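Structure record follows, encoded as structure tokens.
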Ligand code: F6R
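Residue numbers (full-length UniProt numbering): 1 to 242.
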């Protein structure tokens with residue numbers, strides 16, 4: 001693992017954007033693995049700006065998102081498909097047909113998971129996978145106790161994750177407890193992995209991922225096995241590292 005510690009969230013976003021820009025400049029037809037959540041928003045804004053100013057293009061790129069709520073259609077405002085359209089895809093020159101998010105409305109979620117894996121393989125595999133990290137060390141929706149070689153599948157969310165994500169739902173609104181997520185094995189297959197984390201509430205998870213044992217209790221610790229994993233964090237998220 002390469003650990004990059006920067007001053008603040010703005011520097012983390014700019015550093016992450018540089019990694020993605022370099023990837024796209026080197027290989028225009030890159031396969032990008034993307035994430036939702038609060039952390040990548042500033043990075044996406046930076047990529048949108050660079051795309052508008054002609055510094056980089058997504059015209060030939062393909063994307064695969066990590067995860068989606070099971071039970072929400074892509075048009076639902078809380079779906080990750082909607083999030084990606086709003087936060088990135090609608091503002092860049094990507095062909096929307098080349099963007100993939102697991103189908104939250106799949107009639108047969110098990111087949112849909114196999115299908116998602118097959119599409120990634122057919123695209124040549126993910127060149128660079130963006131990740132955030134949950135307070136409990138989850139990556140994608142691979143909650144603690146997830147198999148370290150797991151593939152895309154249906155996962156139950158933990159109480160902690162449901163509570164953390166409740167901020168995005170209106171009071172009384174249906175909030176799914178199930179997801180479709182790339183597995184840890186799927187994530188490890190990406191040629192490069194970039195995990196971003198900012199803020200003090202991520203410090204314990206970062207410490208466990210970097211300095212703790214390789215364990216399913218901290219799914220992100222599996223990145224210790226990856227030969228090109230870059231962890232980009234701010235001073236607060238790094239505050240518990242020894
Ligand atoms: C999102 C995802 C999650 C988030 C994690 C951190 O697609 O897979 O693992 O990366 O929950 O979320 P934020 O960035 O909101 O703290």
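For each residue, glycine too, the CB sits at the ideal point set by N, CA and C.
Keep in mind that this is a model prediction, so the values were computed, not measured.
Does the beta-carbon of residue 134, which I'm using as the reference point, lie nearer than 7 Å to any heavy atom of ligand 1? Because some heavy atom of ligand 1 lies under 7 Å away, the Cβ of residue 134 counts as near it: yes.
Checklist entry - Buried or exposed: which applies to residue 127, given that a residue is buried once 16 or more other Cβ atoms fall within 10 Å of its Cβ? => result Residue 127 is buried by the Cβ-count criterion.
Practice prompt. Assign residue 153 to buried or exposed, taking buried as 16 or more other Cβ atoms, counted over all protein chains shown, within 10 Å of its Cβ.
Written response: When all chains shown are included, residue 153 counts as buried.
What residue from 207, 195, 224, 129 has the CA that sits closest to residue 148's CA?
-> Each of 207, 195, 224, 129 was checked against the Cα of residue 148, and the nearest Cα belongs to 224.
*Helix, strand or coil for residue 165, going by three-state DSSP, please let me know.*
Helix at residue 165.
Spatially closest choice to residue 95 from 221, 60, 190, 66, by CA coordinates: Among 221, 60, 190, 66, the Cα nearest to that of residue 95 is on 60.
By how many angstroms is the C-alpha of residue 48 removed from the C-alpha of residue 58?
-> Taking the CA atoms as reference points, residue 58 sits about 10 Å from residue 48.
I need the DSSP call for residue 7, collapsed to helix, strand or coil. Residue 7 carries a coil assignment under DSSP once its states are collapsed to helix, strand and coil.
Cα-Cα, which of 228, 12, 193 is closest to residue 139?
That would be 193, whose Cα lies nearest to the Cα of residue 139.
Are residue 187 and residue 240 closer than 8 Å when you measure CB to CB?
At least 8 Å separates the beta-carbon of residue 187 from that of residue 240.
Shorter than 7 Å, the distance from the beta carbon of residue 111 to the closest heavy atom of ligand 2, or not? No copy of ligand 2 occurs in the structure displayed; its ligands are ligand 1 alone.
- Task: Could you tell me whether any non-hydrogen atom of ligand 1 is closer than 7 Å to the CB of residue 67?
- Result: Flag set: Cβ of residue 67 near ligand 1.
Could you check whether the Cβ of residue 33 sits closer than 7 Å to any heavy atom belonging to ligand 1? Outside the cutoff, so no.
Starting from residue 62 and walking both ways along the beta strand (DSSP E), at which residues does that stretch end? Where residue 62 is concerned, the enclosing beta strand (DSSP E) stretches over 62-65.
* Whole-angstrom Cβ separation of residue 9 and residue 234, contact assumed at under 8 Å? -> At roughly 6 Å, the Cβ-Cβ gap stays under 8 Å, so residue 9 and residue 234 are in contact.
Next item on the list: Compare the beta carbon distance of residue 65 and residue 34 with 8 Å and say whether it is the shorter of the two.
Entry: Taking the C-beta atoms as reference points, residue 34 is found nearer than 8 Å to residue 65.
Residue from 173, 73, 204 whose Cα sits closest to the Cα of residue 109:
Here the closest residue by C-alpha is 73.
- Task: List the whole-angstrom C-beta distance separating residue 159 from residue 179, where the pair is believed to meet the contact cut-off of C-beta under 8 Å.
- Result: By a beta-carbon distance limit of 8 Å, residue 159 does not contact residue 179. Their separation comes to about 14 Å.
Would DSSP call residue 69 helix, strand or coil? Note: residue 69 maps to strand in three-state DSSP.
message = Could you check whether residue 125 and residue 31 sit closer than 8 Å to each other, using their CB atoms as the reference points?
response = Yes, they are a contact pair.
For this session: Output the residue ranges of the alpha helix (DSSP H) runs that lie fully inside the stretch 50-123 and measure 4 residues or longer, sorted by chain position.
Result: Restricting attention to alpha helix (DSSP H) runs no shorter than 4 residues, the stretch 50-123 encloses them at 80-87, 109-122, ordered along the chain.
- residue 38 Cβ short of 7 Å to ligand 1 heavy atom set: At least one heavy atom of ligand 1 is found less than 7 Å from the C-beta of residue 38.
Is residue 178 near ligand 1, in the sense that its beta carbon is under 7 Å from a heavy atom of that ligand?
No.
Which term fits residue 174, buried or exposed, when burial requires 16 or more other beta carbons within 10 angstroms of its beta carbon? Exposed, because fewer than 16 other Cβ atoms sit within 10 Å of the Cβ of residue 174.
| Helix or strand or just coil, what does DSSP make of residue 133? | If DSSP states are grouped into helix, strand and coil, residue 133 belongs with coil.
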